[in-house]
Every structure is written in C-alpha cells, then in structure tokens.
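Per numbering that gives the first Met the number 0, the sequence shown starts with residue 0, numbered consecutively. No residue lacks a Cβ here, since even glycine has one placed at the ideal position from N, Cα and C. Accompanying notes for the structure given below.
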Amino acid sequence: MIYTCTMNTAIDLFVETGDLLPDIVNRTTDEDYQPNGKGVNISFMLKRLGLDNTALGFTGGFTGRFIEDELKKENIATDFVKVDGISRINIFINAHREFKIVNKGPLISEERTQELIHKIREIPRGRILFVSGSLPKGVQEDIYPALASIAAKRDLKLILDISSPALLDCLPYRPYLIKPNEQELAAFFNMKKALSEEEIVYYGRELLERGAERVLVTRGKDGAVYFDRNQTLKVTSAKGRVVNTACAGDAMLAVFIGKQKLGIPLEDALKQASAAGALTAFSKGLCDLSRLDDILPQIRITHL
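Here it is in structure tokens:
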C-alpha cells in the first residue's frame with residue numbers, strides 16, 4: 000500500500016475566458032472544479048496506474064467533503080483528519096495567459112496536527128509515503144523533519160515535494176526521493192537568479208551529499224534532471240499548448256514512482272513521467288494516461 004499526505008487540501012477551480020479586464024463582469028467560456036492538493040493529485044494518478052493507495056491529511060467543511068467524495072468515487076481509500084473551517088478553493092484562470100490564485104487554507108489546531116502525526120506513525124513498516132504541498136495555518140514547519148524522523152524509524156520510503164526550507168532539515172533522515180522544482184532548488188541555496196543547467200547539476204548533487212537518496216528537479220517546459228548515487232539523467236519534455244501547469248509536477252512524480260513500483264526500468268519510468276507531466280500541462284487537470292504513447296517519441300534522456 001502507498002500513502003499520500005496532503006496537509007493543505009483544496010478544490011481547484013479552472014476557468015477559461017477571453018481578455019481578463021478590471022471593473023467589468025468577465026464571462027467565462029469554460030469552468031471545471033477538481034479536488035486538489037499535491038498528495039491528492041498523486042493519489043488520483045497512482046490509481047490510474049492501478050496502484051491502490053490511501054490519502055491522508057486534513058479536510059474541512061463542504062469543500063472537504065467534496066474532496067473525499069471524489070477520491071472515493073475512484074475507489075481511493077481516505078483517512079483524513081477532520082478540522083474546523085473549510086478546505087480552501089484555488090482559482091486558475093486561462094485568459095491568453097495563466098493566472099493562479101492560491102488561498103492559505105483553514106487554521107489547524109495542535110490537537111488535530113498531533114492526530115495526523117499519530118496516523119502516520121501507524122503506517123505499516125516499509126511502505127511508500129508521499130508528503131506533498133504547503134502547510135495550512137497553524138501547522139509549523141518543523142512537522143516536516145518530524146515526519147522524516149518517523150519515516151526513518153519505520154523504514155518508510157519517504158518522498159517529499161515541499162517548497163519549505165525545512166526540506167534541508169529532513170535530509171539527515173535520508174528521504175527516498177525529494178522533488179524540488181528549479182526555483183525551489185535555487186531558494187534552498189539562497190540563489191536569487193535562475194539557475195543554469197550546470198548549477199542545477201551542482202546543487203542537485205549537493206542535496207545527495209546532504210542525505211537525499213534520490214533527487215528529481217523539475218524544470219517545466221525544459222523537462223527535469225534526476226540524480227541518484229550512480230547517475231545523473233536529463234529528460235526533455237514535449238511540445239504542446241499549455242493550459243495549466245499547476246498539476247504537472249504531481250503527475251510526473253506519481254508516474255515516476257508508480258511505474259517503478261510496477262517494475263518498469265528507471266529510465267523508461269522517467270520518460271513516461273515526463274510525458275505525463277507534459278500531458279497534464281496540456282490539460283485542464285490531471286492527464287489521461289492512455290495518451291502517453293502519443294508524445295513519448297518526443298521525450299529524450301541524456302546521461303550527464
């Protein structure tokens with residue numbers, strides 16, 4: 000069994016319109032509501048791969064019920080901690096350009112936080128655990144190294160996709176994989192500019208030196224760079240009309256781990272993961288995996 004943990008679950012409202020203008024009523028041409036949060040996205044993608052998983056985290060109010068109901072429709076197990084308030088709603092507007100409006104989420108009490116930590120302590124030894132996304136109000140950054148410590152003690156394969164600088168405090172616990180994007184990688188090392196490919200390779204390897212077992216640096220339209228103790232691989236992306244980039248990294252991460260769980264060799268899994276990320280960027284929400292073969296010929300891997 001695989002577990003995902005989303006502490007700041009959300010509903011994402013995807014809107015398409017023409018020109019987005021101030022001080023007038025802007026009529027939409029299309030809209031779509033989807034349960035979201037990085038770990039929630041990963042749960043959906045894993046299920047599309049045929050991999051059972053359990054979604055953990057916090058949910059609240061009518062929006063929280065919607066998120067859980069949508070997961071259950073896909074036969075995904077849930078074990079969320081119920082909180083006061085409502086799970087957030089984020090808005091993504093496609094109006095010739097992409098606009099992202101992301102809310103903070105409900106206030107989580109210390110009691111509810113400890114309840115979630117207890118659930119994670121109860122995960123059977125040796126399982127895979129994704130911890131992904133931002134923190135809601137009331138949850139402190141030190142929860143990340145606390146969860147990394149639990150994972151190490153219970154031999155969990157911990158996969159971290161977080162933008163918090165507390166990621167660096169998790170590295171001594173040797174997480175199985177971390178997935179920063181290139182902007183997050185720069186921020187971890189106090190770099191104020193966009194990183195060159197050479198700098199991405201340097202800092203990616205530095206994360207290995209600090210304790211990460213594997214690193215996947217996502218680069219949007221430029222693909223990704225994967226690192227482990229034995230190799231560094233650069234994977235390209237595919238070309239297409241970008242509709243929404245919000246979920247692309249989640250799709251890529253889920254397919255990369257999921258395909259390997261299914262026995263696919265690492266390089267093939269990385270190519271399929273890049274294709275899944277691209278297809279998701281070309282879609283309103285998470286991609287249809289049946290279309291992977293359509294763009295796989297565009298994906299290339301280079302050993303660095």
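Task: Proximity winner among E73, L303, D227 and Y32, relative to L50 (alpha-carbon distances) - done: E73
- [ ] Along the beta strand (DSSP E) that carries Y2, what are the first and last residues, could you check?
- [x] I1 to T5
- [ ] Flag this pair as yes or no: are the beta carbons of K191 and T301 separated by less than 8 Å?
- [x] no
Task: R87 in three-state terms, based on DSSP - done: strand
- [ ] Could you say if the segment 263-274 and the segment 1-14 meet the contact criterion of at least three C-beta pairs nearer than 8 Å?
- [x] No: the two stretches stay apart, fewer than three of their Cβ pairs being nearer than 8 Å.
Task: L20 (DSSP reduced to helix, strand or coil) - done: coil
TODO: Give the straight-line distance between the Cα atoms of R64 and T58, rounded to the nearest whole angstrom.
DONE: 7 Å
TODO: Determine the extent of the alpha helix (DSSP H) in which T279 is found, giving its start and end residues.
DONE: L265 to A280
Open item on the list: What would DSSP say about T244, mapped onto helix, strand or coil?
Closed with: Under the three-state reduction of DSSP output, T244 falls in the coil class, being neither helix nor strand.
Task: Residue ranges of each alpha helix (DSSP H) within the segment 145-195, 4 or longer - done: 166-169 and 181-187
- [ ] Out of L167, P264 and A147, point me to the one whose CA is closest to A186's CA.
- [x] Looking at the Cα atoms, L167 is the closest of the given residues.
Open item on the list: Please state whether the Cβ-Cβ distance between A253 and L45 is less than 8 Å.
Closed with: yes
- [ ] Give the range of the beta strand (DSSP E) segment to which E97 is assigned.
- [x] R96 to I100
TODO: Quick one: give me the first and last residue of the alpha helix (DSSP H) that E30 is part of.
DONE: Premise fails: E30 lies in the beta strand (DSSP E), T27 to N35, not in any alpha helix (DSSP H).
TODO: Within its chain, find whatever has a CB closer than 8 Å to the CB of L303; leave out the 5 residues flanking it on each side and keep chain order.
DONE: V200, V224, T231, L232 and K233
Open item on the list: For K258, count the other beta carbons within 10 Å of its own beta carbon; 16 or more makes it buried, fewer makes it exposed. Which is it?
Closed with: buried
- [ ] With DSSP as the reference, label I229 as helix, strand or coil.
- [x] A small fix is needed here, since residue 229 is Asn in this sequence, not Ile. If DSSP states are grouped into helix, strand and coil, N229 belongs with coil.
Open item on the list: Quick check: V242 and N35, are their CB atoms within less than 8 Å of each other?
Closed with: no
TODO: Name the one or two DSSP bridge partners that F13 has.
DONE: D31 and F91
Open item on the list: Can you determine whether any heavy atom of the ligand ZN sits closer than 7 Å to the C-beta of L128, and answer yes or no?
Closed with: With respect to the ligand ZN, the structure shown offers nothing to examine, as it has no ligands at all.
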